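Worksheet: the structure to be examined is printed underneath.
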DNA sequence: AGTCTCTTTGGAAACGTTTCCATCCACATA
DNA sequence: TATGTGGATGGAAACGTTTCCAAAGAGACT
């Protein structure tokens, strides 16, 4: 039994004894047909196991019923959940998702968008390194393809679904200040390729100033430090005077907890830690993580919803930011005066210290 | 500036002053052309910003250069990472990924496969509730579309990439026995829709028997219990005599730790816990999780690799299972004789106790 | 000069669909 | 009976490609 070619609408028409146009109209319910004819066509289609060929359809109708989705990585659950949100929102709509990951690489971002364009996607949902500078994305807009960004703060001429990183990060600074911290730090993994991280830092920094705190130390770490707590510990040890750390995402915050333990520091007594994102495991830790809670899934849903609206001709309009909330965990407390006193002796100047890891 | 339609190969041919066939040959490097002609065509294409239209191509060549990927959910990082693996493996190959999620629903599985078929994917990579009973999947195979499963143990007539769940789970039983546990339990979230869970239970059960342990209690919990530690605690409290728990995935294992804390039990002193999957956060917990370590990303990569081979006509062949390793964390220890003695008084018979949650 | 071969080229069909348009038929109205 | 109305139907073009095939031109050989 060789793989016999799938039935086409011609086959259906032939079996039903009618023209192709009629078969098409019946199967699409897109035009008049007598009851008799309707039955014959439907029966023929069923008997042949007919289903439409998307390529033929796309070619003729200039609609691929496919939307392109570009995210940095699916290994990051934040993006994976967002895509899940997109998927769930698109579920009944008839649209498929063509997916692509850039691994946080600008060139890959552009290549991916180009590929999506070649596949004539009807719309694009994306999180990129630099959407504002992407030539491919421009091209998409020129072609009239609606583009809906996720996670990016509002950008000129782009519609985006986002959480106000600046404000949310400011809230963390506020909490730090209220708890009595004076010297705080901001820990980021991919600072240069993530406008989210940069905006969080900016908001954090601004609010620190507003509250009279010292300018926060910006600690940019490597993949390796993020992965091995003892490496991270070595880096943290160089910021002894910092009593509270704002990690730009929850995994980092959890890694900080582990690293702190490694140094014999207690969280939150010796070091307060606050994360960002609000992943579920954070709740389940022995010391539940204090964090900014967001919903990546809602982000994806809303981005998809916007796009669907645009696809229905309703126009693509910028919505207000998604809400976030400050989740009170147990990793934020007042600074330990004893520790700070003791340790400050050994502390180094820290307004913007080198972010490099010590060589091993 | 209205969205002007993208340039077609006809436009290129016209501008280059040649026939369509020639333009196609040059742009595809698929046939002879004089140097002069080559240059003219390439220049024209560049000037027009031409790129191929995938639909036209797919229609004529009967190759969509798209592979369909179906997983239960992207909210589960195990699957998300697997898809990431697929994606990374497919990167330079020219294939796109059309993605779909079933939310662990059998009907949705079938619908998704059908949709993929309509989109004439060239191959399918899937994890389903019941691949062996999927009519749509049969249809795919009949059409000669290569199918590569992920996470499923080998199945009649299907090629799958997997970790030997039976053996891996047996290893956990072995460790429990060696540590001196006699009464153990197996905790699962979606037992009925996951052959993985079932195979893990089977392997665990078999090895418990082989080692002379009591038959493990099968504890099937609801989404809600998995989410709220106090609910899970209530359930666990009904299995006081169980001294070691094998959770069918790491998140569950982490939830168990939290629930145990809620009951005032120490892990591992009062209750040993072992997980499955080997997610990264497990390492970072205050009490690092003991677990079976696997690599979902490698799973995706290998599945994709198989499929690529098949697509190149090399034939799709079943590979041996992927390796796993037992990660020594700190959540497995010898049972606490005191606790077991004390608590057994209140214990209920537990060979196969009701798996339902107490009504609230 | 005639014949052959080889390379370069373009015309046209085919892929599966949708949709415009014309035709046909039945029936109602004048 | 002639005219008009309106629904049902099918032919054919078009969407953007690839590829088969034939034609045309350039040398090389007899």
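Protein chains in written order, with our numbering: chain A, 1 to 360; chain B, 361 to 720.
Note that CB positions come from ideal geometry on N, CA and C, so glycine has one too.
Quick caveat: nothing in here was measured; it's all calculated off a predicted structure.
Below 8 Å, enough C-beta pairs join the region 54–61 of chain A and the region 404–420 of chain B to call them touching: three or more. Below the 7 Å Cβ cutoff, chain B contributes 644 as neighbours of residue 258 of chain A, in chain order. When the Cα atoms are used, residue 662 of chain B and residue 521 of chain B turn out to be separated by approximately 7 Å. Per DSSP, reduced to three states, the secondary structure at residue 138 of chain A is helical.
Interface annotation for the region 630–642 of chain B against chain A: 640 and 641, criterion Cβ-Cβ distance under 8 Å.
Here the C-alpha atom of residue 197 of chain A lies approximately 45 Å from the C-alpha atom of residue 563 of chain B. For the pair residue 642 of chain B and residue 686 of chain B, the Cα-to-Cα distance works out to about 13 Å. A straight line joining the alpha-carbon of residue 158 of chain A with that of residue 367 of chain B spans about 25 Å.
Of all residues in the region 109–121 of chain A, only 114, 115, 117, 118, 119 and 120 place a beta-carbon less than 8 Å from a beta-carbon of chain B. In chain B, no part has a C-beta under 8 Å from the C-beta of residue 170 of chain A; the shortest such distance is about 27 Å.
Bounds of the alpha helix (DSSP H) holding residue 395 of chain B are 395–408. If you draw a straight line from the Cα of residue 372 of chain B to the Cα of residue 401 of chain B, it comes to about 7 Å.
Contact fails between the region 607–627 of chain B and the region 257–269 of chain A, because fewer than three Cβ pairs, one in each stretch, are under 8 Å apart. Boundaries cannot be given for residue 482 of chain B, as no alpha helix (DSSP H) includes it and DSSP labels it neither H nor E.
A Cβ-Cβ separation of about 6 Å places residue 667 of chain B in contact with residue 427 of chain B under the 8 Å criterion. Looking at the DSSP output, residue 518 of chain B shares a beta bridge with B:515. Of B:615, B:640, B:639 and B:467, the smallest CA-CA separation from residue 633 of chain B is found for B:615. Under the DSSP definition of a beta bridge, residue 580 of chain B partners with B:548. For the pair residue 693 of chain B and residue 648 of chain B, the CB atoms are not nearer than the 8 Å cut-off. Looking at the DSSP output, residue 150 of chain A bridges to A:161. When DSSP states are grouped into helix, strand and coil, residue 364 of chain B belongs to the coil group. Rounded to whole angstroms, the Cβ separation of residue 659 of chain B and residue 510 of chain B is 5 Å, and the two are in contact under 8 Å.
Leaving aside the five residues that flank residue 172 of chain A on each side, the residues in its chain whose CB is nearer than 7 Å to its CB run, in chain order, 204, 246, 274 and 292. Annotation for residue 18 of chain A: no alpha helix (DSSP H) segment contains it, and DSSP assigns it neither H nor E. For a Cβ distance threshold of 7 Å, residue set 503 of chain B lies close to residue 6 of chain A, ordered along the chain. CA-CA distance, residue 467 of chain B to residue 494 of chain B, rounds to 9 Å. Remark: C-beta atoms of residue 657 of chain B and residue 75 of chain A approach each other more closely than 8 Å. The alpha carbon of residue 577 of chain B has as its nearest neighbour, out of B:552, B:547 and B:389, the alpha carbon of B:547.
If the five residues before and after residue 550 of chain B are omitted, its C-beta is found closer than 8 Å to the C-beta atoms of 464 and 557, all from its own chain and listed in chain order.
Taken through DSSP and simplified to helix, strand or coil, residue 678 of chain B comes out as coil. The three-state secondary structure of residue 326 of chain A, taken from DSSP, is strand. Chain B places a beta carbon closer than 8 Å to that of residue 73 of chain A, counting this residue as a contact.
Looking at the backbone, the Cα of residue 376 of chain B and that of residue 386 of chain B are separated by about 11 Å. Non-local beta-carbon contacts of residue 597 of chain B in its own chain, meaning distances under 8 Å to residues more than five positions away in sequence, involve 623 in chain order.
Counting only runs that start and end inside the region 198–273 of chain A, the beta strand (DSSP E) elements of at least 3 residues fall at 217–220 and 244–247. The contact set of residue 83 of chain A on chain B, defined by CB atoms closer than 7 Å, consists of 434 in chain order.
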